[in-house]
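Trainee: Here it is, the structure, as structure tokens.
2 protein chains.
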Amino acid sequence: MADFKPFDRLCLIGIGLIASSIARAVRERGLAKTIVCATPDQTHREAALSLGLVDEAFASNAEAVRGADLVILCTPPGVMSLIAQEISADLAEGAILSDVGSVKQTIAESIAPHVPAHAQFVPAHPVAGTENSGPAAGFGTLFQDRWCIITPVPEGGDEAIARVQAFWEAMGANVELMDPKHHDQVLAITSHIPHLIAYNIVGTADDLEAVTKSEVIKFSAAGFRDFTRIAASDPTMWRDVFLNNREAVLEMLGRFSEDLTALQRAIRWGDGDALYSLFSRTRDIRRAIIDAGQDSAAPNFGRDTGPDEGDD
Amino acid sequence: MADFKPFDRLCLIGIGLIASSIARAVRERGLAKTIVCATPDQTHREAALSLGLVDEAFASNAEAVRGADLVILCTPPGVMSLIAQEISADLAEGAILSDVGSVKQTIAESIAPHVPAHAQFVPAHPVAGTENSGPAAGFGTLFQDRWCIITPVPEGGDEAIARVQAFWEAMGANVELMDPKHHDQVLAITSHIPHLIAYNIVGTADDLEAVTKSEVIKFSAAGFRDFTRIAASDPTMWRDVFLNNREAVLEMLGRFSEDLTALQRAIRWGDGDALYSLFSRTRDIRRAIIDAGQDSAAPNFGRDTGPDEGDD
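Structure (structure tokens):
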């Protein structure tokens with residue numbers, strides 16, 4: 057941190073949850089002298105300015121990137137390639153182009169051809185977020201103690217990678233370098249499949265005739281409400297994730313469905329030992345996640361009971 | 057509350073999360089003069105006494121129920137029928153027998169034959185809990201603003217039902233009366249299927265070769281960690297739930313799998329509109345759950361960001 061050299065001009069393309077969290081973290085920690093953003097949404101431009109997130113807000117991506125030494129694509133993954141094409145001619149000499157996409161292989165492959173020879177491309181993915189969207193949803197500690205995965209490509213040299221790594225570390229994140237294909241497999245199981253089955257069960261519940269929607273809502277504290285949180289995430293971004301990480305998602309989904317069929321069979325045939333055996337070993341993973349500092353150990357994530365209520 | 061007539065002697069069979077939460081709520085609100093419990097586990101008996109949860113702790117269920125005017129079965133559902141048989145001869149004249157089982161139809165049917173003519177049976181299910189187990193895991197506000205479902209049977213008269221209802225209301229719960237079969241359908245979708253798929257995905261993740269367990273743990277903040285919480289719930293209790301609510305669980309699971317197959321197909325064929333359409337409508341359910349007071353509106357359930365961090 058002490059020797060982090062701030063960027064002169066940071067340009068964020070998009071100003072949603074992730075971009076607005078970057079803007080706050082960068083402001084709070086002095087990681088760039090000027091911050092600008094680009095978004096076609098006038099309301100978001102006004103919000104970004106009035107919240108003090110950016111110094112300038114542009115409607116045009118090409119105008120926004122001029123003179124920036126760090127440009128980060130923070131839009132849904134599906135439009136990143138198009139934006140890279142739009143801004144290509146306007147990227148400054150020596151500029152670093154990065155992104156925050158949740159899928160890396162297909163996205164990086166579609167952006168790379170648009171990166172001019174005088175710029176560097178360093179794909180990255182901060183593994184952090186909430187179910188909320190928009191410029192007001194961000195907060196400066198979103199990346200604190202979370203992981204940011206950088207997936208190097210030939211279009212970005214070691215120096216640019218090191219600068220992007222230092223940038224994320226300065227925002228409190230831990231950085232890991234990973235092959236893009238492997239990144240997409242890891243995220244398929246830790247993020248994409250969980251989101252898919254959360255969206256799916258909320259949809260299934262919504263369609264039932266035997267149980268009303270109001271009953272589902274009333275009695276959601278029995279477990280269902282945990283799933284609705286991530287099923288409230290941004291629909292455009294998640295559509296793009298599944299369209300762009302098809303191979304890994306379908307592979308993991310096949311495993312998940314096979315395992316679920318085995319559980320279904322155990323229930324049908326009353327095989328209590330098979331159920332007990334699975335239900336016991338899953339506890340260890342929870343404990344390991346808490347020990348690794350990746351979740352709260354408080355019951356119900358701490359949402360129901362303050363510390364004063366829980367220990368009397 | 058003002059006119060709630062305390063029970064003389066409350067007997068809790070089992071002293072885990074739910075029973076120890078009842079004991080705390082009853083103590084704090086003066087809902088019974090004496091509280092006793094029964095458990096074969098000596099460590100739990102000692103904990104219950106040293107935590108001040110109960111006045112007496114018995115190893116024998118039959119001894120524990122003597123003289124109690126309210127007896128609540130708080131064990132895993134699978135042993136409730138056996139316990140009802142054990143205590144049958146010792147239930148006091150006019151005693152109310154209740155339970156807290158997450159499955160009602162099969163359990164109530166298996167308990168009912170053991171209820172003597174001089175006692176009343178009122179099955180109930182408080183829809184509340186955490187992933188933690190044991191006498192130290194309980195807290196007195198667990199039932200506050202949560203629902204408790206009573207599923208009346210012929211073995212319990214209106215007066216006994218009213219007393220059990222008043223008891224749960226005095227602990228802060230809202231009470232709803234429901235047919236046992238319908239209860240089991242509602243809970244299948246709001247609780248049993250969510251637990252099953254959470255257990256399942258944690259198991260699937262644990263078995264992968266392409267992604268290591270340590271990677272799953274490191275990057276769990278991307279969504280997976282939400283699922284591990286309920287997959288850390290008590291394995292014995294959940295085995296019993298699935299063995300005893302087979303019909304409703306298999307029916308709902310069939311729906312879930314069908315819907316998941318449709319999503320899988322949409323991903324395979326790149327049908328972005330189908331994905332977007334589902335991902336949009338699931339947001340409304342989340343909002344309705346928050347509006348109904350059944351979950352926190354704070355991002356990430358409030359676990360990552362205190363109010364001071366989130367709004368700067």
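Protein sequences, first through last, are from chains A and B. Everything in the first sequence is counted per this note's numbering, starting at 57 for the first residue and increasing by one. Everything in the second sequence is counted per this note's numbering, starting at 57 for the first residue and increasing by one. Every residue gets a Cβ at the ideal spot worked out from N, C-alpha and C, and that includes glycine.
Can you find a heavy atom of the ligand MG that lies under 8 Å from the Cβ of G194/B?
Mentor: You won't find the ligand MG in this model; it holds no ligand whatsoever.
Trainee: Would a check of beta-carbon distances place D155/A closer than 9 Å to chain B?
Mentor: False, the Cβ-Cβ gap to chain B never drops below 9 Å.
Trainee: Are any of the Cβ atoms in chain B nearer than 9 Å to that of D235/A?
Mentor: no
Trainee: Output, in chain order, the set of chain A residues within a Cβ distance shorter than 7 Å of S352/B.
Mentor: R359
Trainee: N256/A and V159/A: beta carbons closer than 9 Å?
Mentor: Taking 9 Å as the Cβ cut-off, N256/A and V159/A do not qualify as a contacting pair.
Trainee: Please tell me whether A266/A and H181/B are closer than 9 Å, where the distance is taken between their beta carbons.
Mentor: no
Trainee: Taking the C-alpha atoms as reference points, what is the distance between A222/A and E271/B?
Mentor: Distance between the alpha carbons of A222/A and E271/B: 22 Å.
Trainee: If you follow the alpha helix (DSSP H) that Q161/A is part of, which residue opens it and which one closes it?
Mentor: Q161 to I167
Trainee: For the stretch 223 to 251 of chain B, list every residue whose C-beta sits within 7 Å of some C-beta in chain A, in sequence order.
Mentor: Q241, V242, L243, I245, T246, S247, I249, P250 and H251
Trainee: Which residues in chain B sit within 7 Å of T186/A, going by Cβ to Cβ distance?
Mentor: P355 and N356
Trainee: Comparing the C-beta of D367/A with each C-beta of chain B, is any distance below 9 Å?
Mentor: Below a pLDDT of 50, predicted positions are generally treated as unreliable, and D367/A, at 35, falls in that range; the measurement from the model is reported next regardless. For D367/A, the answer is yes, since a Cβ of chain B falls inside 9 Å of its Cβ.
Trainee: With a threshold of 9 Å between beta-carbons, can D97/A be considered close to chain B, or not?
Mentor: no
Trainee: Going along chain A, which residues have a C-beta under 7 Å from A277/B?
Mentor: V183, A184, R202 and Q350
Trainee: Taking the alpha-carbon positions, what's the E165/B to L73/A distance?
Mentor: 52 Å
Trainee: Considering only residues of the same chain and omitting the five flanking positions on each side of E102/A, which have a CB-CB separation below 8 Å?
Mentor: A distance below 8 Å between beta-carbons, with the five flanking residues on each side excluded, links E102/A to the following residues of its chain, in chain order: A113.
Trainee: Are A287/B and R343/A close, meaning C-beta to C-beta below 9 Å?
Mentor: no
Trainee: Measure the C-alpha to C-alpha separation of S336/B and I253/A and round it to an integer number of angstroms.
Mentor: 15 Å
Trainee: Helix, strand or coil, according to DSSP, for P363/A in the structure here?
Mentor: Unreliable positioning characterises P363/A in this predicted model, as indicated by a pLDDT of 36, which lies under 50. The coordinate reading is nonetheless provided below. In the structure shown, P363/A sits in a helix (DSSP, three-state: H, G or I).
Trainee: Might you give, ordered along the chain, the residues of its own chain that have their beta carbon closer than 7 Å to the beta carbon of F177/B, omitting 5 neighbours on each side?
Mentor: Within the same chain, Cβ atoms closer than 7 Å to the Cβ of F177/B are found at L153, I167, A168, V171, V209, E211 and G212, the five residues on either side in sequence being excluded.
Trainee: Classify R324/B: buried if its beta carbon has 16 or more other beta carbons within 10 angstroms, exposed otherwise.
Mentor: exposed
Trainee: Output the residue ranges of the beta strand (DSSP E) runs that lie fully inside the stretch 87 to 161 of chain A and measure 3 residues or longer, sorted by chain position.
Mentor: Taken in chain order, the complete beta strand (DSSP E) segments of 3 or more residues contained in the stretch 87 to 161 of chain A are 88 to 94, 112 to 114, 126 to 129 and 152 to 155.
Trainee: Could you tell me the distance, in whole angstroms, from the CA atom of A277/A to the CA atom of L233/B?
Mentor: 17 Å
Trainee: According to DSSP, is F177/B helix, strand or coil?
Mentor: F177/B falls in the strand class under three-state DSSP.
Trainee: State the CB to CB distance for the pair I143/A and A118/A, rounded to an integer number of angstroms; the pair is presumed to be in contact (CB under 8 Å).
Mentor: 5 Å
Trainee: What three-state label does DSSP hand D340/B in the structure shown?
Mentor: helix
Trainee: Compare the beta carbon distance of D240/A and P132/A with 9 Å and say whether it is the shorter of the two.
Mentor: no
Trainee: Between A244/A and A173/A, which are expected to be in contact by the criterion C-beta below 8 Å, what is the C-beta distance as a whole number of angstroms?
Mentor: That belief does not hold up - the Cβ atoms of A244/A and A173/A are roughly 33 Å apart, past 8 Å.
Trainee: Whose CA, out of R122/B, I71/B, I139/B and V127/B, lies closest to the CA of S106/B?
Mentor: I71/B
Trainee: Have a look at T268/B and M308/A and give me their C-alpha separation to the nearest angstrom.
Mentor: 14 Å
Trainee: Indicate whether T284/A and V258/A have their beta-carbon atoms separated by less than 9 Å.
Mentor: yes
Trainee: Expressed to the nearest angstrom, what Euclidean distance is found between the alpha-carbon atoms of Q161/A and F195/B?
Mentor: If I take the Cα positions, the gap works out to 48 Å.
Trainee: Expressed to the nearest angstrom, what Euclidean distance is found between the alpha-carbon atoms of D327/A and L129/B?
Mentor: In a straight line, the C-alpha of D327/A is about 25 Å away from that of L129/B.
Trainee: With DSSP collapsed to three states, give me the class of F312/B.
Mentor: Residue state, collapsed to three classes: helix.
Trainee: Which runs of the beta strand (DSSP E) spanning at least 3 residues fall entirely within the stretch 195 to 263 of chain B, listed in chain order?
Mentor: 203 to 206 and 230 to 233
Trainee: Please return the same chain residues whose Cβ sits closer than 7 Å to the Cβ of L198/A, not counting the five positions on each side in sequence.
Mentor: S77 and A184.
Trainee: To the nearest angstrom, report how far apart F312/A and A330/B are at their CA atoms.
Mentor: Their backbone Cα atoms lie some 21 Å apart in a straight line.
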